[in-house]
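Undergrad: Residue numbers (full-length UniProt numbering), protein chains in the order written: chain A, 1 to 230; chain B, 1 to 230. Where a beta carbon is used, it is the ideal one built from N, C-alpha and C, also for glycine. None of the values given here were measured: they were computed from a predicted structure.
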């Protein structure tokens with residue numbers, strides 16, 4: 001069985017889990033606190049970032065997009081119409097652009113700041129950077145959510161799925177990020193009906209179920225987090 | 001002919017140019033100043049980042065790793081032993097990990113800060129963020145260079161090429177970043193003999209020649225920048 005080092009409030013980790021689940025790949029999950037800079041973990045990934053997949057023979061596959069490409073090559077390519085990357089290079093490029101958007105731009109502008117201030121700092125020891133949340137950082141990150149949700153809304157309104165006609169890695173990346181923000185009650189769903197409809201469809205996929213039972217110690221999700229109809 | 005929107009002091013742009021040159025793909029280069037947030041450019045890439053490749057039928061391919069995958073699928077796959085991604089998924093994952101390292105981690109910790117403070121700020125109007133360089137930011141970035149160069153030194157000393165037995169995207173990503181730092185005289189080559197030997201080999205490739213004649217207005221490269229024997 002494969003092993004995934006992950007954290008439930010890391011977008012890249014959720015992205016990798018969704019893909020593993022979509023492709024029916026069993027993996028043991030090990031929750032890693034990257035800020036602890038555990039020596040054994042740094043030996044797997046000197047960058048110290050999540051997620052890391054131990055593939056066949058325990059070879060570490062490092063980082064969300066690298067894991068996604070690996071799983072596409074070793075699993076997805078055999079899945080025919082359930083493959084999460086389209087066939088044509090141009091369509092693949094559009095899916096990958098959106099993955100970079102949600103794992104990169106959205107993460108840098110919103111998700112990781114919210115997660116750090118509202119979740120990680122509670123779990124960190126003082127010498128690891130633990131402290132009370134920085135409300136200025138939270139406010140700055142929050143001010144970017146609406147623009148990003150408008151973009152998701154626009155994509156959802158103009159395409160069947162965010163990356164094109166079929167479910168793709170773009171949906172998994174967006175849902176990975178948005179599900180973290182939703183857990184924390186940061187999304188104003190009423191303002192984004194097309195995004196809401198899309199998210200409800202993603203949430204209903206069996207691959208999503210394990211994420212809906214994620215719980216962070218000391219921090220309950222908003223009431224509708226697990227509801228398929230919200 | 002394809003078109004590449006790029007900037008000579010952007011790691012991702014140099015990476016894309018090296019790959020185009022390696023694969024013998026002709027492309028018209030258009031220098032873009034992303035801080036100007038030109039409307040026509042934002043229409044191609046709403047994230048406003050470089051590089052962007054206009055592929056066949058002027059479809060925009062956005063971002064360095066997305067461009068690299070696209071060129072692998074449409075060009076590299078036909079190149080046999082001159083392909084810049086290995087055949088096996090595990091080896092491909094290692095190359096992609098290193099690409100992320102040099103385009104992501106090195107860029108975030110060093111290259112883009114040095115480029116912004118020492119180059120971009122000189123080219124920006126005041127209302128675009130132009131100002132004199134921030135010496136604290138430069139010092140912070142510089143303090144990370146040695147660790148990164150030690151890692152390149154270690155990779156170069158233990159492998160034929162940074163990503164494995166053959167030249168790969170990992171070499172192109174590392175050389176893209178390091179050539180910017182080298183232009184600006186930021187690399188202490190004497191301390192990193194294996195890295196120096198590796199860089200000299202990359203520099204000698206025909207694909208590299210156009211980058212060695214890059215000039216930034218008002219800022220000459222260090223004397224050895226274009227020398228193959230430095």
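1) Can you find a CB in chain B that lies within less than 9 angstroms of the CB of residue 92 of chain A?
2) Following the continuous alpha helix (DSSP H) through residue 176 of chain B, name the residue where it begins and the one where it ends.
3) Looking at the strands, I want to know which residues DSSP matches up with residue 224 of chain B.
4) Could you work out which residues of chain A lie near residue 96 of chain B, taking near to mean beta carbons separated by less than 8 angstroms?
5) Here's the rule: buried if 16 or more other CB atoms are within 10 angstroms of the residue's CB, otherwise exposed. What is residue 17 of chain A?
6) Go ahead and pull the three-state DSSP assignment for residue 78 of chain B.
7) At the level of alpha carbons, what is the spacing between residue 133 of chain B and residue 41 of chain B?
8) Quick check on the burial criterion: 16 or more other C-beta atoms within 10 angstroms. Buried or exposed for residue 129 of chain B?
9) Tell me the start and end of each unbroken alpha helix (DSSP H) in the UniProt domain "GST C-terminal" (88–222) of chain B that is at least 4 residues and wholly inside, in chain order.
10) Kindly indicate the opening and closing residues of the beta strand (DSSP E) around residue 40 of chain B.
11) Helix, strand or coil: which one does DSSP assign to residue 71 of chain A?
12) What separation, rounded to the nearest whole angstrom, lies between the Cα atoms of residue 141 of chain A and residue 3 of chain A?
13) Kindly identify the DSSP beta-bridge partner or partners of residue 28 of chain A.
14) By Cβ distance, which residues of its chain are closer than 7 angstroms to residue 218 of chain B, with the 5 residues on each side in sequence left out?
15) Strictly under 9 angstroms for the Cβ-Cβ distance: is residue 127 of chain A near chain B by that measure?
16) Taking the DSSP output, what are the residues bridged to residue 54 of chain B?
17) Anything in chain B within Cβ reach of residue 59 of chain A, meaning under 9 angstroms, just list it in chain order.
18) Assuming residue 45 of chain B contacts residue 60 of chain B (C-beta within less than 8 angstroms), just tell me the rounded distance between them.
19) Using only the alpha-carbon positions, how far apart do residue 100 of chain B and residue 189 of chain B sit?
20) Closest Cβ-Cβ distance between residue 35 of chain B and chain A: below 9 angstroms?
21) Specify whether the stretch 105–117 of chain A and the stretch 6–16 of chain A touch according to this definition: at least 3 beta carbon pairs, one from each stretch, less than 8 angstroms apart.
22) With 7 angstroms as the C-beta to C-beta threshold (strictly closer), list the residues of the stretch 38–51 of chain A near chain B in chain order.
23) Tell me which residues of the UniProt domain "GST C-terminal" (88–222) of chain A have at least one Cβ-Cβ distance to chain B shorter than 8 angstroms, keeping chain order.
24) Can you list the residues of chain B that residue 55 of chain A reaches, using a CB-CB cut of under 9 angstroms?
25) Closer than 9 angstroms, CB to CB, is residue 73 of chain B near chain A or not?
26) Since residue 168 of chain A and residue 85 of chain A should fall inside the 8 angstroms C-beta cutoff, what is the C-beta to C-beta distance between them, to a whole number of angstroms?
27) Over the uninterrupted alpha helix (DSSP H) stretch that includes residue 16 of chain B, give me the two end residues.
28) Where residue 79 of chain A and residue 87 of chain A are concerned, what is the direct C-alpha to C-alpha distance, given to the nearest angstrom?
29) Indicate the three-state DSSP secondary structure (helix, strand or coil) for residue 49 of chain B in the structure shown.
30) Can residue 199 of chain B and residue 175 of chain B be called in contact, C-beta distance under 9 angstroms?
31) Tell me whether the beta-carbon of residue 216 of chain A lies closer than 9 angstroms to the beta-carbon of residue 119 of chain A.
32) Where does residue 86 of chain A fall in DSSP's three states?
33) Measuring alpha carbon to alpha carbon, tell me which of A/36, A/1 and A/19 ends up nearest residue 126 of chain A.
34) Buried or exposed for residue 64 of chain B, going by 16 or more other Cβ atoms inside 10 Å?
TA: Once the coordinates are examined:
1) Taking the first residue of the first chain as 1, we reach residue 92 of chain A at position 92. Closer than 9 angstroms to some Cβ of chain B, the Cβ of residue 92 of chain A qualifies, so yes.
2) Here residue 176 of chain B corresponds to residue number 176 of the second chain, with the count starting at 1. Looking at the DSSP string, the run of the alpha helix (DSSP H) that includes residue 176 of chain B is 169–183.
3) Locating residue 224 of chain B in the second chain gives position 224, counting from the first residue. In DSSP, residue 224 of chain B forms no bridge with anything.
4) Along the second chain, read from residue 1 onward, the residue named residue 96 of chain B stands at position 96. Ordered by position in chain A, the residues that pass the 8 angstroms Cβ test against residue 96 of chain B are 63, 65, 66 and 69.
5) Start at 1 with the first residue of the first chain, and residue 17 of chain A comes out as number 17. Classification for residue 17 of chain A: buried.
6) Reading the second chain from its first residue, position 78 is the one you call residue 78 of chain B. DSSP places residue 78 of chain B in helix when its eight states are reduced to three.
7) By one-based count along the second chain, residue 133 of chain B stands at place 133. By one-based count along the second chain, residue 41 of chain B stands at place 41. Each residue's alpha carbon lies about 27 angstroms from the other.
8) As a first step, residue 129 of chain B must be located in the second chain, where it is residue number 129. By the neighbour-count rule (16 or more Cβ atoms within 10 Å), residue 129 of chain B is not buried but exposed.
9) 89–100, 112–115, 135–142, 145–158, 169–183, 193–203 and 209–212
10) The residue you call residue 40 of chain B lines up with position 40 of the second chain. Residue 40 of chain B -> not in any beta strand (DSSP E); alpha helix (DSSP H) instead, spanning 39–44.
11) Numbered from its first residue, the first chain carries residue 71 of chain A at position 71. Residue 71 of chain A falls in the helix class under three-state DSSP.
12) Against the first chain, residue 141 of chain A aligns to sequence position 141. Against the first chain, residue 3 of chain A aligns to sequence position 3. Going by the C-alpha atoms only, they are around 32 angstroms apart.
13) In the first chain, the residue the question calls residue 28 of chain A occupies position 28. A/3, per the DSSP bridge assignment.
14) If you number the second chain from 1, residue 218 of chain B lands on position 218. Correct list, in chain order: 122.
15) Your numbering for residue 127 of chain A matches position 127 in the first chain. By this cut-off, residue 127 of chain A is not an interface position.
16) Taking the first residue of the second chain as position 1, residue 54 of chain B is located at position 54. According to DSSP, which records beta bridges pairwise, residue 54 of chain B is partnered with B/3 and B/60.
17) Here the question's residue 59 of chain A lines up with position 59 in the first chain. Within 9 angstroms Cβ-Cβ: 90, 93 and 94.
18) Stepping through the second chain from its first residue, residue 45 of chain B is reached at position 45. Stepping through the second chain from its first residue, residue 60 of chain B is reached at position 60. 6 angstroms between Cβ atoms; contact.
19) Within the second chain, the letter at position 100 stands for residue 100 of chain B. Within the second chain, the letter at position 189 stands for residue 189 of chain B. Computed Cα separation, rounded: 23 angstroms.
20) For this step, residue 35 of chain B is matched to residue 35 along the second chain. Cβ-Cβ to chain A under 9 angstroms: no for residue 35 of chain B.
21) yes
22) 47
23) 89, 90, 92, 93, 96, 97, 100, 101, 105 and 151
24) The residue labelled residue 55 of chain A in the question sits at position 55 within the first chain. The contacting residues are 89, 90 and 93.
25) Taking the first residue of the second chain as 1, we reach residue 73 of chain B at position 73. Yes - at least one Cβ of chain A is within 9 angstroms of the one on residue 73 of chain B.
26) Looking up residue 168 of chain A in the first chain gives position 168. Looking up residue 85 of chain A in the first chain gives position 85. Their Cβ separation, rounded to whole angstroms, is 6 angstroms, which keeps residue 168 of chain A and residue 85 of chain A in contact under 8 angstroms.
27) On the second chain, residue 16 of chain B is found 16 positions in, with the first residue counted as 1. Counting along the chain, the alpha helix (DSSP H) containing residue 16 of chain B begins and ends at 11–22.
28) Counted from its first residue, the first chain places residue 79 of chain A at position 79. Counted from its first residue, the first chain places residue 87 of chain A at position 87. So the alpha carbons of these two residues sit roughly 12 angstroms apart.
29) Translated into the one-based positions of the second chain, residue 49 of chain B becomes position 49. Note: residue 49 of chain B maps to coil in three-state DSSP.
30) Taking the second chain and counting its residues from 1, the one referred to as residue 199 of chain B is at position 199. Taking the second chain and counting its residues from 1, the one referred to as residue 175 of chain B is at position 175. The answer is yes: Cβ separation under 9 angstroms.
31) Reading the first chain from its first residue, position 216 is the one you call residue 216 of chain A. Reading the first chain from its first residue, position 119 is the one you call residue 119 of chain A. Contact: yes.
32) If you number the first chain from 1, residue 86 of chain A lands on position 86. Here residue 86 of chain A sits in coil by DSSP.
33) Taking the first residue of the first chain as position 1, residue 126 of chain A is located at position 126. Selected option, being the one with the closest Cα: A/36.
34) For the purposes of this step, residue 64 of chain B is identified with residue 64 of the second chain, where counting begins at 1. The residue in question, residue 64 of chain B, is buried, as its Cβ has 16 or more Cβ neighbours within 10 Å.
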